[in-house]
Amino acid sequence: MKIYRANLIDTPTKDAFRVLEHGYLAVEDNGTIHGIYASLPDELRMFPLEDLGDQMMIPGFCDMHVHAPQYRNMGLALDLELLPWLNTYTFPEEAKFSDPAYAERIYRRFVHELWMQGTMRSVVFATVHYPATRLLADLFIESGLSTMIGQVGMNRNCPEYLSNTTEQVVKGIADLHNYLQQQSPDGRVRTIVTPRFVPTCSNDMLQAMGQVAKELNLGVQSHLSENKAEIAWVKELEPTSTCYGDVYRQFGLFGQQPTLMAHCVHSSEDELDLIQRNHVTIVHCPMSNMNIASGMAPIRTYLDRGIEVALGTDVAAGHNMSMLRAIQYAIQVSKYHYGESAGQTRFLSQSEAFYLATTAGGKYFGQVGCFNPGYEFDALVIDDHYLNFDHYTLEERLERYFYLGDDRDIKRRFCRGKELCEPQY
Ligand code: GUN
Ligand code: FE
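Quick note: the sequence shown uses the working numbering, first residue 196, plus one each step.
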């Protein structure tokens, strides 16, 4: 057991922060949280205690949708909408990952940046290439970060130079799964079934990916109803489906296994019903929504319906790996909807946005994302003294950190109870 004394802030529920000023957090030797306390219980006095002074301790961030091979394009190429953006900028960059040396160079930086930004958990799209995807998994294992990585499946309406076959992607999923069961037996690094999206995956491929997800009991991630031209195209390609999400459902890729669907900017009522009934989690990516001009997902409406929502950067359609920026933009996008609805839809509160970035994403990994007993100890230690120059409450300090802080304020990082040192790149 080890005890930390710090200003503890988390969101076990989305509606309010839980704040313990100079509280105590006890971590068991197996990396799970024993409890948090306003004053130290007598029975814990025998254990080593580290006093972190006036610093804040918060849960680690969870980026639930990010494209590792698009790292080099971050902050570039944001002058087109989704479909031309993919063809013009994204596919040519991803094609470079057929070269393992290139992949290693970029992926090292990517993993380093996750560490830097305090993103202890991530759910990642790789590319169609198996060797590069396995290499990314190796880098994650080395880093101590926890993640789910998917080798991307795509075999239609995409360039020859960036496609794979159904057999290749199914074999890739099974091989990576077996490899990770050996190399990461505690499940810190896992694989996830990753069809890119309906337009680039034949029915055969979707069917096979759904089947392998079931056989190996794996999660599923993809994109859904991001852009109006994309939705119209799916309607043309799959005229018998009741909605875009229904295509995934037909093939066992929509809640039959734990499922993340990025975006859902323009989901119809029917699609939202299907999402809710099948317990699909929507990953909101507000930076991406704005940058490639998809429209802005009405997240308040989804939360009020009781749909599970988490948060992602969607780099490189998102221009920044920081979950602080994702929090900020999620709030700002929700304020746009508030304005448009003449105040009828409430905007996100600070605690709601923080919940989406920590607790909501953490659920997908098990008991992760807040400081409840039994939860895995993922945490960041934040030194905000340069922002905290007058009398601010802890909640005000955190709010200012969301808007004004950055990775330089993160002094220490813990994932699954283990303190992580800086990965090499
Ligand atoms: N839809 C299919 N592929 C992608 C991608 O790489 N990024 C985004 N934002 N949407 C997609
Ligand atoms: Fe994406």
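All C-beta atoms, glycine included, are put in the ideal place defined by N, C-alpha and C.
As the structure is a prediction and not an experimental result, all values here were calculated from the model.
Given this structure, state the Cα-to-Cα distance separating residue i from residue j, to the nearest angstrom.
{"i": "K558", "j": "N412", "result": "17 angstroms"}
{"i": "S244", "j": "S517", "result": "The sequence given here has Leu at residue 244, not Ser. Each residue's Cα considered, the two are about 31 angstroms apart."}
{"i": "A574", "j": "G600", "result": "17 angstroms"}
{"i": "P295", "j": "V365", "result": "21 angstroms"}
{"i": "R608", "j": "Y297", "result": "28 angstroms"}
{"i": "D246", "j": "S417", "result": "43 angstroms"}
{"i": "L498", "j": "G556", "result": "14 angstroms"}
{"i": "N398", "j": "V407", "result": "14 angstroms"}
{"i": "Y232", "j": "G218", "result": "6 angstroms"}
{"i": "Q471", "j": "E535", "result": "25 angstroms"}
{"i": "R304", "j": "A521", "result": "20 angstroms"}
{"i": "L401", "j": "F256", "result": "31 angstroms"}
{"i": "S436", "j": "F446", "result": "11 angstroms"}
{"i": "H307", "j": "R267", "result": "13 angstroms"}
{"i": "R213", "j": "D370", "result": "42 angstroms"}
{"i": "P380", "j": "E337", "result": "14 angstroms"}
{"i": "A290", "j": "A457", "result": "22 angstroms"}
Relative to the ligand GUN, is the shortest distance from any of its heavy atoms to the C-beta of residue i smaller than 7 angstroms?
{"i": "R495", "result": "no"}
{"i": "D274", "result": "no"}
{"i": "L277", "result": "yes"}
{"i": "E433", "result": "no"}
{"i": "E421", "result": "yes"}
{"i": "F392", "result": "yes"}
{"i": "T285", "result": "yes"}
{"i": "L331", "result": "no"}
{"i": "D509", "result": "yes"}
Our contact map puts residue i next to residue j with C-beta atoms below 8 angstroms; I'd like the distance itself, whole angstroms only.
{"i": "L551", "j": "V504", "result": "6 angstroms"}
{"i": "V323", "j": "S358", "result": "6 angstroms"}
{"i": "V384", "j": "F320", "result": "In fact, because the Cβ distance is near 15 angstroms, the residues do not count as touching under 8 angstroms."}
{"i": "H479", "j": "I494", "result": "5 angstroms"}
{"i": "G507", "j": "L469", "result": "Not confirmed; about 21 angstroms, so no contact."}
{"i": "C459", "j": "S420", "result": "5 angstroms"}
{"i": "A511", "j": "Q265", "result": "4 angstroms"}
{"i": "N473", "j": "G501", "result": "N473 to G501, Cβ: 13 angstroms. No contact."}
{"i": "L273", "j": "E299", "result": "Their Cβ separation, rounded to whole angstroms, is 26 angstroms, which puts L273 and E299 out of contact at 8 angstroms."}
{"i": "H262", "j": "L455", "result": "Contact flag wrong, Cβ pair sits at about 13 angstroms."}
Tell me which same chain residues have a C-beta within less than 6 angstroms of the C-beta of residue i, skipping the five on either side of it?
{"i": "M404", "result": "G348, V388, P390"}
{"i": "P453", "result": "G414"}
{"i": "T554", "result": "T206, G564, C565"}
{"i": "K197", "result": "V222, P243"}
{"i": "P481", "result": "Y524, A525, V528"}
{"i": "C353", "result": "T395"}
{"i": "V612", "result": "In the sequence on display, residue 612 carries Gly and not Val. Correct list, in chain order: V222, G226, F572."}
{"i": "T328", "result": "A321, Q346"}
{"i": "I301", "result": "Y266, R267"}
{"i": "C438", "result": "S463, D465, E466"}
Using a Cβ-Cβ cutoff of less than 8 angstroms, which residues in the same chain neighbour residue i once the five nearest sequence positions on both sides are dropped?
{"i": "I228", "result": "L220, A221, V222, F566, N567, P568, G569, Y570, E571, F572"}
{"i": "F542", "result": "R495, I526, S529, K530, H532, Y533"}
{"i": "Y596", "result": "M251, L519, I577, D579, L582, D604"}
{"i": "A424", "result": "E276, L277, L278"}
{"i": "G490", "result": "N422, K423, V460, H461, N484"}
Among residues of its own chain, excluding the 5 on either side of residue i, which ones have a beta-carbon nearer than 7 angstroms to its beta-carbon?
{"i": "E617", "result": "W310"}
{"i": "E216", "result": "N202, L589"}
{"i": "L375", "result": "A332, V384, R385, T386"}
{"i": "K209", "result": "S546, E547, Y550"}
Is residue i near the ligand FE, in the sense that its beta carbon is under 7 angstroms from a heavy atom of that ligand?
{"i": "H324", "result": "no"}
{"i": "A457", "result": "yes"}
{"i": "R465", "result": "Correcting the residue identity first, residue 465 is Asp in this sequence and not Arg. Flag unset: Cβ of D465 not near the ligand FE."}
{"i": "H479", "result": "no"}
{"i": "D258", "result": "no"}
{"i": "A263", "result": "no"}
{"i": "H418", "result": "yes"}
{"i": "A512", "result": "yes"}
I'd like to know if residue i contacts chain B, where contact means its C-beta is closer than 8 angstroms to some C-beta of that chain.
{"i": "D237", "result": "Looking at the structure shown, chain B is missing, and only one protein chain is on hand."}
Specify whether the stretch 311-330 and the stretch 340-349 touch according to this definition: at least 3 beta carbon pairs, one from each stretch, less than 8 angstroms apart.
-> yes
If you pair each beta-carbon of the stretch 274-288 with each one of the stretch 421-431, do three or more pairs fall below 8 angstroms?
-> yes
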